[in-house]
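There are 2 protein chains.
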Amino acid sequence: MPDSALAVADKPIQFTPKTPIQYVYFFGGGTADGNGKMKDTLGGKGAGLHEMTRVGLPVPPGFTLQTEACREFMRGEISDNVTDQMLIALHRLEELQGQRFGAGDNPLLVSVRSGAKFSMPGMMDTILNLGLNDTSVESLARKTGKPRFAYDSYRRLIQMFGDVVLNIPKIKFEHIFDAAKLQIGTQQDTDLDVDALRGIIAEYRKLILHETGTQFPQDPYKQLFMARDAVFHSWENERAKAYRRINHIDDWLGTAVNVQAMVFGNLSEQSGTGVGFTRDPATGKREFYGEFLLNAQGEDVVSGSRTPVPITQLRDLMPTVYEQLRTLTQNMEEHYREMQDFEFTIQDGVLYMLQTRNGKRTGRAAVRIAMDMVAEGLISVDEAIFRVEPNQLYDFLVPRLDETQGAVEVLATGLPASPGAAVGQIAFSAEDAVRFREKGIMRSIILVRRETTPEDISGMEVAAGILTSRGGMTSHAAVVTRGMGKCCVAGAGSIQVDEEKGEMRVAGHLYHEGDWLSLDGTTGRVIAGQLPLVPAMPDDPDLVKFMTWVDSRRRLHIRANADIPRDAVQAIRFGAEGIGLCRTEHMFFDEDRLPYMQAMIMARNEHDRRAALESLLPMQREDFIGLFKAMGDLPVNIRLLDPPLHEFLPKREELMVEIARLEITDAESPELTSLRTTLERVEQLHEMNPMLGLRGCRLGIAYPEITEMQVRAIFEAAVEVKKTGAHPHLEIMVPLTCGIEEMRNQATAIRHFAKEIFAREHETVDYIVGTMIELPRAALLADQIALEAEFFSFGTNDLTQTVYGISRDDGNQFLPTYIKHGIFKQDPFAVLDQEGVGQIMKMATERGIRTRPNLKVGICGEHGGEPESVKFCHRLNMDYVSCSPFRLLTARLAAAQAALEDKLAAQGASSQEGTR
Amino acid sequence: MPDSALAVADKPIQFTPKTPIQYVYFFGGGTADGNGKMKDTLGGKGAGLHEMTRVGLPVPPGFTLQTEACREFMRGEISDNVTDQMLIALHRLEELQGQRFGAGDNPLLVSVRSGAKFSMPGMMDTILNLGLNDTSVESLARKTGKPRFAYDSYRRLIQMFGDVVLNIPKIKFEHIFDAAKLQIGTQQDTDLDVDALRGIIAEYRKLILHETGTQFPQDPYKQLFMARDAVFHSWENERAKAYRRINHIDDWLGTAVNVQAMVFGNLSEQSGTGVGFTRDPATGKREFYGEFLLNAQGEDVVSGSRTPVPITQLRDLMPTVYEQLRTLTQNMEEHYREMQDFEFTIQDGVLYMLQTRNGKRTGRAAVRIAMDMVAEGLISVDEAIFRVEPNQLYDFLVPRLDETQGAVEVLATGLPASPGAAVGQIAFSAEDAVRFREKGIMRSIILVRRETTPEDISGMEVAAGILTSRGGMTSHAAVVTRGMGKCCVAGAGSIQVDEEKGEMRVAGHLYHEGDWLSLDGTTGRVIAGQLPLVPAMPDDPDLVKFMTWVDSRRRLHIRANADIPRDAVQAIRFGAEGIGLCRTEHMFFDEDRLPYMQAMIMARNEHDRRAALESLLPMQREDFIGLFKAMGDLPVNIRLLDPPLHEFLPKREELMVEIARLEITDAESPELTSLRTTLERVEQLHEMNPMLGLRGCRLGIAYPEITEMQVRAIFEAAVEVKKTGAHPHLEIMVPLTCGIEEMRNQATAIRHFAKEIFAREHETVDYIVGTMIELPRAALLADQIALEAEFFSFGTNDLTQTVYGISRDDGNQFLPTYIKHGIFKQDPFAVLDQEGVGQIMKMATERGIRTRPNLKVGICGEHGGEPESVKFCHRLNMDYVSCSPFRLLTARLAAAQAALEDKLAAQGASSQEGTR
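So the sequence lines, in the order shown, correspond to chains A and B. Once you know that position 757 of the first sequence is 757 in our numbering, the rest is easy, because the numbers rise by one and skip nothing. Just add 916 to wherever you are in the second sequence, counting from 1, and you've got our numbering.
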C-alpha cells in the first residue's frame, strides 16, 4: 500500500472519492471538519484539536485519520480511500502552510500521534519531525539558519522511527549516541556539533540497515504511511491490550491518528515553549499561572535540564504574545466552563496552542474554583458539586510535610495507608509509646511495628503516626489509623524492624528508639529526620459553604463509625447524622479493662465468666452513657462483641517461647505454672483461621452471658440518658449471622433483657434489632433473616473476604501481583467490587425488602467512605452509609453526586420521552 | 369444659351432632373409622392403630381425637362437639369391652397418648391406667384377684397424672416412693405390698393437694379430659417447640390424642409382653425373630430388671398364641410389603398387638431383605432400591469390633469420623508410626495425635486407625481417613495427648507408646485393650447383584477422588467411572519429595525455584503415568497445586521454640543459623488465615513456573501413556478462581504448554480445561468464567467455608453448640446446605450453562458421597459427583434413588394430567 501511494505522491493529486466514508478530518486555517464531541471517531486528542481550531485558537494545522481506518486495518481490509484521502489532506496542509512535504526550500514537517477515545497514557506511540531526509534536512538548516537544530531534529526522527516503526531496541540507538558523546568527552547533548550529529545519523542508518535489511526511508510519504501503520499496530501491542483489559475498554474501538504540522520553540530568542493554568491549581486563586522556557522545546522542560521561569516574565519579553495567550486561554475557560491547563509553543514570535484541557488541581483549589465559578455565573451549584472529586476533600483534613526548607532524604516508600503527615521519635512497642508519652519523654511519637494488632490500640492512640513493614491498605494499622484520621505508612517492605532489639534498618541506616522520622501518609514516603508540619484546617469557610450545597443535594444519610464518646463528638463535627457502627469490643482494649476481659476468657465455667462480666458491665455502661449523650437524638448502631477472643490474650508462640526459656533457665519458677495455664487456654482458643472461627454472634450464642452483659449495659445506659431528657435511638446489631436461627436466638435475648430493664426502670427507649450482612449465606437467605431483623448493615470488609475467599490480613502476599497483571482492577478491600460483592448485596437488599418493606439498610464496612462505593450504595437505594469520621466529607460529597447523577439521568430520560 | 362434660356423663347419652366435623375416630371390633394414610388427621400412631384394626389385628380398641381439636385448643376455641363425640366413643368402647369407665365390677381403664403426624420421640406425654380411683381400684383387685397389681397400677396413674397433667416435679413423687422402700428396708419395688402401696397413694394424694390446692380427681371423666388437655398443652412445651424448629415441623399441625383400652401382660402366667421382627434385622435372614417376658409389662423389659427370652420359647409355652402371632405379623409384612417390627401383649392367654411398623435393620440385612422380597414377588426392583438407605452400604465395607467376648471398657467417646474399627498399639507421631511399621516393631498401629496435618500422611497411611483429641467431622484426620477407608475417632476431647512426652491421659489411665487400644469409628468409642476384629467383605455376592440394579437406574455418573495409582485401582474396584479430583499436592508429601518441595518454597528467586521444580517434574510425571494407566480411557480430573505453601514447611512456633532453646544452650550452634533462615521464610509465608491466603490458582499466578512444571508433567505423562495405546481423557482443573481473569491466565498457560508438548512429541491427548467453583464470587460470576472454563467442579468444602464464613478446622469451637440448640440442623460440612450453598450452586450451574451449553458440571467436595447431597446434585442436573472410593457405593445408590424419584414424580404428574 505505501508503495502504490508513493507512485501517486509524485504526481499531481487527481482524485475523486469512490465511497462516502470520510476517513480523514482536516483542521486548520480557522476551520475544522470535526469537533470536540467526536471522540468516538477522532479520539480524545483529535476531537480536542478540532474543537480548538474551531473556536479560533492558533493550532498548528493538520488532519485526523479516524478510528474506522484502524478497525479496517485490524481486519486486514483497509480501504484504498484511506491513503487517497490522507494524500488530499496532506496536499491541503502544504497549501495552507506554504510548504512542501519533506521537500523544497521550505519543507513541511509533521508529527504523527495516536489518540484513542479513552486516554491510554504511554500505551501507544508518537513520531515527530516526519518529512526530514538527507535533502530536506539541508533545506531546514538553510531556512532556519540553524544547522545544528536541523540535524538534531533529523537524528531524533531516525531514532524514534527506528524504535517505534522498525521495532529496533531503543537501547541500541542510545549506545551509539552515548559513544559519540564519550568520543568528544562530554555528557551534554548540546555539546554535540553538526559534524558529530552527522556522524551519529550515519551510525543510526547503518544500524537500521543491519537490523532490518533496508535503508531508513528517504521518501517522506513512505515515512508517513509506515508511521501510520505503526500507530495502528501499537493499538494491538501487549501493553495496550493489557491496559484495555484492566480498564474494560473494548478492543475493537481502535485508535485515530493525528498528523500535524511541526512547530519549534527552539528556533530563536523569539521562540519558546510553556505550560500554564487559567487559575492557580494549588490554591484555586483566579490568576494566570504557569511557566515557560525561552528558545526551548517541550522536551527541555520535561528533562529538567533547564529551569523554567514564571509566565509573568513573558509579559515583559513578548507583551503581545502574552496578552494573546491570556485572552485565548481565558476564552477557552469560558468555552469549556472549566479551569484550563494548556501547552503552547512560540515559534519566531508566533503563538501556537498545542493542547488545552481541564486542569488538575488540589482539593482546596477545586472547592475554591467551583465556588468562584458559581459566583461568576459560569456554572450552576449542581455543576459545582461535580467539580470536586470526593477524595479531594481529604486535602482539608490532613497536615502536610513542609518540604520547602531543603532537600529531603526518602528512606523508603510504603503504601499510603492513611493520608496526612507525622513527624516524631521512634517507639517500637505500644507500651513504650504509652510510657514515653505519659512520662513526657517524647513529644511526638512514630510507632514503628512489623504490623499492628488490636493490643496496640493504646500505643497507636498516643502516636502521631504509624509505620509498619508488613500489611496492606486494609491491614489493621491502615484501617485503624484511617479511623483515627492519623497518618500511616504501611507495608514498607524494605524496612527491617527488630522490635525486640529496638532497631530498624533501612537504606543502610540503623535507627534506634528515640530517633526522628517524618512520614508522608499521602504518598507513602518515609523521610529521614524532623521536617516541619503544615497543619490541617478542617473548618475552612469555603469548605463549610460548599458542604451546605452538598448536603442539600444528597438523599443518602451519612453516619460515622465511632466506638467511644470522643469519636462521636468528632463525627458530629464532620457532619455525621448518626453512628452506623459502634464496635463494642474496642471498649475492652483499654489497659484497665483488658484484665477483666482476659479473666472472662480464661474462665472455665459460666460462673467465673459471669463474675468477670459483672466487672465489665459498669465500665461498658459508662461508655454507652457518654456515647448516647454525645449523639443526642441521632441514631446509634451498636454491634455486639465480634472479634475472636484470642485477640485479647497473649500470643501463643510468645508464650511457647517464654515457657521453653524458663524450662531451661528457671524450671522451678512459679511463673512457669501460670504461663502453662495461660497457654493451655490459648491453645484451646487457638484457631487455624480465626476470621472464620468463634467470633461474631457465635460468641453470644456459645456464651449467652456475654450478650446478656452487653445488652444490659446498653439499655441501662440508654434509660439513664433518657431520664436526662434526651431521646436515644438505638439499633442493636448482631454480627456475623449466616441464617435466621442465629438472628432469632440473639434477637430474642436482646428483646428479653430490654423488656426486663424497661419494666424495672419504668422507662422505655426506642430501639430496633438487626444484623450485619457480612457472609454470603446471610445475603442469600436475607428474605428469611428479615423476618427477625429490622435492619441490615452490610459489613463489606468481611463480605469481601468471604465472597473472594481472601483474608485482608494476608492478601498482600498476592494482591500486588494480581493488580500488576490486571487480574484485579483494584484492591477489592479499598473499592467495593460491584460485580461480585455488589451483586450479592443487591440480592440481599431486594430480598430483605420483599420480606419487610420498611427494612432499614446501610453499610458500615471500610467501603462506606469510598466514593464509587458510596454511589453504588445510593443506587441500591440504601438508607445510609457509615464510615470513619475522617471520611465523612468524602462520603457526603459522593452521595450528593450520586443523587445529582440520578437527577441528570431522569432529565435525560424525560427529554428523550419529549422527543418521541 | 370438663365440668359440663361431667354433668352429661351421669346421664344416658343422647346426642345429635350439630356440625359435620368428625373429631373422634373409633377403632375396634374389627372395624375402624380411619386408616393408615390419615396421618394428617390421626397422627402417625393413630393412623397405625386404625390400619391394624382394619386388617384384623387384635388391637385393644379405642378412639383417636383428631388434630383439628388440638388446633382449636391452641386457638382457644375448642368446640363443644369434641367432648360430646369423645363421650359417645367412650360409651361405644364400654359396650365393646363389656366394661364401665372407671366404675362397676369390671372397670374400663384406658391409656391416653399423644401422636403427631411426624414422630417426635419423647417430646410429648403419655398417661396409663386412666379410670382408676378409690372405688375402681377395689373392683380391679377383686376382678383380677391381684390387689397388689391393682394398687400398683393406681399408684402409677397418680404419679403420672401428677407429673404430666398437674406439673408437679416427678422427683417429689420419687422421694415419697423411695422413703417407703427405705422404711421396709428394700430396694426392690416388688417388695412393696398392698399396705405399703396404699400408704404411698395416700402420701401422693397429700402431695397433690399441697401442690395444687385440689384433690386428685376421683371422677374418671375429669381424669380423661384433664389428660387430653395436658396432651394438647404438651404440643406447645419448649422441648416440643424446639424439636419442631430443628426438624422444620409446622407448629400449627397439632397432635392427635389416642385413647385406648388398657391391656396387662402382668396379670398371670398366661400373660406376657414382647417385641419381634418378621426377619432377622441383623442379617436379613427370613426367620421369625424376637424376645419376650412372661407375666410382665413393657416397663420391665425396658428397665432391664429381667432378661427376656427368645421368642421361640413362646412356641412351647403357648403354641396357639405363638402361631397366631406368626401368622398375624406375616400378614402385616405382606400388607405393608415391608419387614415388620412389632410389640405385643398377652393378657390371660389373649394376644393383643400394640404396635407394628417397618423395622430398622443393618445395611447387610437391608440388602438381603430387599433382594429376597423381589425374589418372593413382594416388591419390584425399583422398590428394592429404596429399601436400602445409601449410608447403610458402609456396613459392607468396614471391619467391626467383636464385642461378644466379654465386657468392654469405653475410655472416651469422640466423633465417629470414619467408620470401621481398628485395634493396635499407640504411636504419637507420624514418623514413629512409619518407623515402627518399617522395623516391624508394631504389627498394627493406632496413631494418636492432638490433630493431624498433611505432614502426617505417611504416618496415617501405615496406621490401622487414627485417634485425635481435637477436630470435627471434617477435620483433616476425618477427611483423609474417610478417603482411605480407615477408621478414625476424632475430637475425643476428654483425652489429653502429650505428643512430646509420648503420653495420653484418659479416664484416669495413663497410656504410653506401644499400649494397646481399640477404636470404633462407627460409634466414636475409644476402648481399652485389644479386641478381636471381624473383617469386611466388600465383594458380598448379594451386594454385587444389588449394585447392578442400582447402576442400571441412575443417570448421574459417579467418580472417585484419588491422588495416587493405588487409590485409582481401588476406585475402579468400587465402581468409579473416572477420577473427579486428583489432588496433585498429595504427591509432594512423600518423604523423598518433601525436600524438593521445601527447596522450591524456600527459593528466593525464580531461578532457584525452577531448579527445585525440575527435580519434582520427573517424579510427578511418573505418578501421572501410573494414574493414567490405571484409569485407561476413563476421564481423569487433575487439580493444579492448591494448598498454602507453609503446609510443606516446619511449623513456625516449633521453630521459634527451638531457636529460643538453642540461644540459651548452644548459641554458637551452626544449626541456629539455618533455623533462623528457615524461620525467616516461614515468617514471610505465615498467614493469619491461610484458608483465605496464598493458595489455589493464586500460587500458579504468583509463581507461573509451578503451573508450568505441573502442566508439563501431566501432558508428558499423558502422551507417553497414549503411545502405549490407551486414550487418556484429561480434565485440567484450576483451583480457587474468583473471576474470569484468573481462569484466563491459567487456561492460557495450560493450553500453551500442552500445544508445545504435543508439537514436540507428535502426539495429542484429549483434554479440557476448567475450574473448581469453590468461592461465592466464582459462583456469582459463573457466566463470565464459563467463557474460559470448559467444566465446573464444585468444591463444596471451601464453598461451604466461605458461604458460611466458617473454617472447617475451627468450627468445632461452636458447631456442637449450634447443633444442640437447633441453630444448625446438621453439620454443613457433612451434609450439603441446600438452602444457602445449594442456592448459589444452582445459580452458578444455570449461569455457566447459559454461557456454554455443553459445560460439564460435577462436584468433588466431601459432600459428593453424602446421599442427600448426591440427590441434590442429580436434581441440579450435574454430570457427575466425585467422592472418596470408600463412599462410592453410597453415592451410586443415592444417585439411583434420585433418578427413581424423578421417575415417580413424572408418573405422578402424568397421572394427574390424566385425571384433568
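The C-beta atom is built at its ideal place from N, Cα and C for all residues, glycine as well. Computed from a predicted structure; not experimentally measured.
For residue j and residue i, believed in contact at Cβ under 8 Å, the rounded distance
i	j	result
B/ILE1775	B/VAL1747	At roughly 13 Å, the Cβ-Cβ gap does not stay under 8 Å, so B/ILE1775 and B/VAL1747 are not in contact.
B/ASP977	B/LEU1046	Contrary to the premise, residue 977 of chain B reads as Pro rather than Asp in this sequence. Their Cβ separation, rounded to whole angstroms, is 15 Å, which puts B/PRO977 and B/LEU1046 out of contact at 8 Å.
A/ILE917	A/ALA717	Because chain A here runs from 1 to 916, residue 917 of chain A falls outside it and cannot be looked at.
B/GLY1686	B/ALA1705	4 Å
According to DSSP, residues forming a beta bridge with residue i
i	result
B/TRP1168	For B/TRP1168, which the question treats as bridged, DSSP gives no partner whatsoever.
B/ASP1414	B/GLU1419
A/MET353	A/PHE344
A/ALA572	Checking the displayed sequence, the identity of residue 572 of chain A turns out to be Ile instead of Ala. DSSP output for A/ILE572 lists no bridge partner at all.
C-alpha gap between residue i and residue j, whole angstroms
i	j	result
B/ARG1114	B/THR1106	14 Å
B/GLU1522	B/MET1513	14 Å
A/VAL434	A/ILE659	27 Å
A/MET332	A/SER153	32 Å
B/ALA1286	B/CYS1789	26 Å
A/LEU531	A/VAL423	7 Å
A/ARG751	A/ASN745	10 Å
A/PRO595	A/PRO618	15 Å
B/GLN1813	B/GLN1308	14 Å
B/SER1219	B/GLY1322	Residue placement at B/SER1219 is flagged as unreliable, the pLDDT there being 47, under the threshold of 50; the coordinate-derived value follows with that caveat. C-alpha separation (whole angstroms): 22 Å.
B/TYR1310	B/GLU1347	31 Å
A/ASP105	A/LEU96	16 Å
B/LYS1086	B/LEU981	27 Å
Helix, strand or coil at residue i according to DSSP, with G and I counted as helix
i	result
A/GLY304	Here A/GLY304 scores only 44 on pLDDT, less than 50, and its place in the model is too uncertain to base an answer on.
A/MET772	strand
B/GLU1419	strand
A/LEU900	helix
A/GLU720	helix
B/HIS1126	helix
B/GLU1679	coil
A/ALA909	helix
A/SER884	coil
B/ALA1019	strand
B/PRO1606	helix
inquiry  = As an exercise, report each continuous alpha helix (DSSP H) stretch of at least 4 residues that is fully enclosed by the segment 425-460 of chain A, in chain order.
reply    = Within the segment 425-460 of chain A, the runs of alpha helix (DSSP H) at least 4 residues long that lie entirely inside it are, in chain order, 430-438.
query = Mind pulling the beta strand (DSSP E) runs of 3 or more residues that sit fully within the segment 1690-1765 of chain B?
reply = 1707-1710
message = Restricting to runs no shorter than 3 residues, where is the beta strand (DSSP E) found entirely within the segment 67-144 of chain A?
response = 110-116 and 126-130
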